[in-house]
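In this note's numbering, the protein residues as written are 176 to 326.
See below:
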């Protein structure tokens, strides 16, 4: 199944929501490409007229049924995947640190699964590399406070 963002004419702005709760981080198992079957931050492409913060809240709710409040943009990076010489995917990922408000994770829209994964168990999950890089950076203060994150 082809996505409207596959083989784009220009980079696609997208958000990821970084949500911590009690030593765990909210992750979704992707049900569609790119990264189908891998764990990642809840998120997706911005809609026309939507702010980055509003997109983080919307995507988290749609994919996990968890309510969040955006705190600040934490990181911006590219996800570029080639197929031969053509760009198959190019997302500009804007990761937003969010505060957990409420709700228990339940997969929705294009997520196969959704859960709070303890930081100490993160190494046991097949997490997409871009998400893992951001999670390591976002978790640094938590590690210093005594929580652990697996490499």
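All C-beta atoms, glycine included, are put in the ideal place defined by N, C-alpha and C.
Check whether residue i and residue j have beta carbons under 8 Å apart
i	j	result
residue 217	residue 199	no
residue 242	residue 276	yes
residue 188	residue 221	yes
residue 302	residue 271	no
residue 190	residue 201	no
Beta strand (DSSP E) segment containing residue i, residue limits
i	result
residue 189	187 to 196
residue 255	242 to 258
residue 208	Segment: none, residue 208 is in no beta strand (DSSP E) and carries neither H nor E.
residue 295	Premise fails: residue 295 is in no beta strand (DSSP E) and is neither H nor E.
residue 221	No beta strand (DSSP E) contains residue 221, which DSSP labels as neither H nor E.
Residue i - containing alpha helix (DSSP H), residue span
i	result
residue 303	Per DSSP, residue 303 belongs to no alpha helix (DSSP H) and is neither H nor E.
residue 236	227 to 239
Any C-beta of chain D under 8 Å from that of residue i
i	result
residue 237	This model lacks chain D altogether; it includes just one protein chain.
Own chain residues within Cβ distance below 7 Å of residue i, not counting five before or after
i	result
residue 329	Nothing about residue 329 can be read from this structure; the chain reaches only from 176 to 326.
residue 252	268, 305
Buried/exposed call for residue i, threshold 16 Cβ in 10 Å
i	result
residue 312	exposed
residue 234	buried
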